[in-house]
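Report on the structure given below.
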């Protein structure tokens, strides 16, 4: 059984870390920024995010 | 050009280019590949910046290594510097200090993609922001790469593992920049010759003297990148 994270939960965790959506998006991603960081996060728009991707995004968000 | 990975995860596929912090997925290999390109394009966020993903080899049935190439390499290089600087928790001022620069402006121009670094300059900048990240030279041709990997595996299988010896080789490039490479040297079972190879490039050499054999591999790598 594959581990997944609900996108809504991932987004809540990103918001709690100070990240927010920019309104910029592509076909399958939204762009998030943080007022204290230079790099952006790109979040897939799928309802379920595979574990390796959620972990990668959250690790980046916490840097 | 960067290297990414696309691999099966659950019912779909995940696609990563960790050196840039791009993590995405898709319901099919094709969709995951397209999404990796889109994720990197959005990270860079410049109009007309386009990414091309090309498969270079199968690690296994469910894992693919890919080249990530950009229409504007300077913007891709800028994104690598920006992301890696934050991964290593460095400020612009920290990097400027490491580079011996009086102000942050010169370095910031590279990070913003306003200046395009030469190869030597990029290596210098990369070493300042991420000393643990290496520039790797790979053959573009997948068939050639497979052939070299098969040759490499034959060599490795012919070695006595206790005689493996890894050499970190620092090749000095033009303009004083350095390129760090790893070359491994071991004796063959016949015990009369040494074999040196670089896993990154697949270049192999064989000879009596381990150091000279290692130098042959280094020379081939230098020639491949035009140095």
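Protein chains in written order, with the numbering used here: chain V, 2 to 64; chain C, 1436 to 1662. Glycine included, every Cβ here is placed at the ideal spot set by N, Cα and C. Every value quoted in this text rests on a predicted model; they were computed, and no experiment measured them.
Between which two residues does the alpha helix (DSSP H) containing residue 1508 of chain C stretch? Segment 1508 to 1522, the alpha helix (DSSP H) holding residue 1508 of chain C.
Pairing CB atoms from the region 1501 to 1520 of chain C with CB atoms from the region 1471 to 1489 of chain C, are three or more of them under 8 Å? Cβ pair count under 8 Å is three or more, so yes.
Residue 4 of chain V and residue 52 of chain V: beta carbons closer than 8 Å? Yes.
DSSP state of residue 5 of chain V, grouped into three classes? In this structure, residue 5 of chain V counts as strand in the three-state DSSP scheme.
Are residue 1521 of chain C and residue 40 of chain V closer than 8 Å when you measure CB to CB? The beta carbons of residue 1521 of chain C and residue 40 of chain V sit closer together than 8 Å.
Closest Cα partner of residue 1558 of chain C within the set C:1515, C:1468, C:1547, C:1442: For the residues C:1515, C:1468, C:1547, C:1442, the minimum Cα distance to residue 1558 of chain C belongs to C:1515.
Three-way DSSP call (helix, strand, coil) for residue 1 of chain V in this model: Given a span of 2 to 64 for chain V in the structure shown, any question on residue 1 of chain V remains unanswerable.
Using the C-alpha atoms, what's the distance from residue 1562 of chain C back to residue 44 of chain V? Going from the Cα of residue 44 of chain V to the Cα of residue 1562 of chain C covers about 29 Å.
The beta strand (DSSP E) that contains residue 1563 of chain C, what's its start and end? Residue 1563 of chain C -> not in any beta strand (DSSP E); alpha helix (DSSP H) instead, spanning 1554 to 1564.
List, in order along the chain, the chain C residues whose C-beta lies closer than 8 Å to that of residue 64 of chain V? What residue 64 of chain V touches in chain C: 1521, 1522, 1524.
Residues of its chain near residue 1436 of chain C, where Cβ-Cβ distance is below 6 Å and the 5 sequence neighbours each way are ignored: Closer than 6 Å at the Cβ level, and outside the excluded window around residue 1436 of chain C, lie 1502, 1504.
Taking Cβ to Cβ, would you say residue 1527 of chain C is nearer than 8 Å to residue 1542 of chain C? At the C-beta level, residue 1527 of chain C and residue 1542 of chain C come within 8 Å of one another.
Rounded to whole angstroms, what's the CA-CA distance from residue 1595 of chain C to residue 1498 of chain C? Just pull it up for me. Caution is warranted here: a pLDDT of 43 is assigned to residue 1595 of chain C, below 50, making its placement in the model unreliable, and the coordinate value is therefore given only provisionally. Those two C-alpha atoms are separated by around 29 Å.
Going along chain C, which residues have a C-beta under 7 Å from residue 38 of chain V? The answer, in chain order, is 1521.
For residue 1460 of chain C versus residue 1469 of chain C, is the C-beta distance shorter than 8 Å? It is not a contact, given that the beta carbons lie outside the stated cut-off.
Should residue 1594 of chain C be flagged as near chain V, meaning a C-beta pair shorter than 8 Å? The predicted position of residue 1594 of chain C is uncertain, since its pLDDT is 48 and thus under 50; no value can be drawn from it.
Distance between beta carbons of residue 1441 of chain C and residue 1471 of chain C, contact taken as under 8 Å: Between residue 1471 of chain C and residue 1441 of chain C, the beta carbon gap of about 7 Å places them in contact (Cβ cut-off 8 Å).
Listed by chain order, chain C residues near residue 19 of chain V by CB distance under 9 Å: Per Cβ cutoff of 9 Å: no residues; residue 19 of chain V is ~14 Å from chain C at best.
Just to make sure I have the definition right: I need the residues of chain C whose C-beta is within less than 9 Å of the C-beta of residue 27 of chain V. Which are they? Annotation: Cβ neighbours of residue 27 of chain V in chain C (cutoff 9 Å, chain order): 1470, 1473, 1474, 1476, 1477.
Leaving aside the five residues before and after residue 34 of chain V along the sequence, list all residues of the same chain whose C-beta is less than 8 Å from its C-beta, in chain order. Answer for residue 34 of chain V: 20, 21, 23, 41, 42, listed in chain order.
Would residue 27 of chain V pass as a contact of residue 1458 of chain C if the rule is Cβ separation under 8 Å? Contact check for residue 27 of chain V against residue 1458 of chain C fails: the beta carbons are separated by 8 Å or more.
List the endpoints of the continuous alpha helix (DSSP H) containing residue 1527 of chain C. Per DSSP, residue 1527 of chain C belongs to the alpha helix (DSSP H) from 1527 to 1533.
Name the chain C residues that come within less than 9 Å of residue 32 of chain V, Cβ to Cβ? In chain order, 1477, 1478, 1480 make up the part of chain C whose C-beta sits under 9 Å from the C-beta of residue 32 of chain V.
Could you tell me the alpha carbon to alpha carbon distance between residue 1430 of chain C and residue 1517 of chain C, rounded to whole angstroms? Only positions 1436 to 1662 of chain C appear in the structure, and residue 1430 of chain C is not among them; the question remains open.
Contact list for the region 1553 to 1573 of chain C against chain V, Cβ threshold 7 Å: Per Cβ criterion, the list is empty.
Bridge partners of residue 40 of chain V, per DSSP? None; residue 40 of chain V has no bridge partner.
Between the region 1437 to 1458 of chain C and chain V, which residues of the former have a C-beta closer than 8 Å to a C-beta of the latter? Within the region 1437 to 1458 of chain C, the residues whose Cβ lies closer than 8 Å to some Cβ of chain V are 1444, 1445, 1446, 1447, 1449, 1451, 1453, 1456, 1457, 1458, listed in chain order.
Among C:1462, C:1507, C:1489, C:1455, nearest to residue 1482 of chain C - alpha-carbon criterion: Comparing alpha-carbon positions, the option among C:1462, C:1507, C:1489, C:1455 lying closest to residue 1482 of chain C turns out to be C:1507.
Quick check: residue 1548 of chain C and residue 1509 of chain C, are their CB atoms within less than 8 Å of each other? Yes, these two residues count as a Cβ contact at 8 Å.
Under 8 Å from the C-beta of residue 1517 of chain C: neighbouring residues of chain V: Listed by position along chain V, the residues whose Cβ is nearer than 8 Å to that of residue 1517 of chain C are 39, 40.
If we ignore side chains and look at the alpha-carbon of each, how far apart do residue 1537 of chain C and residue 1553 of chain C end up? Spanning the two alpha carbons is a distance of roughly 21 Å.
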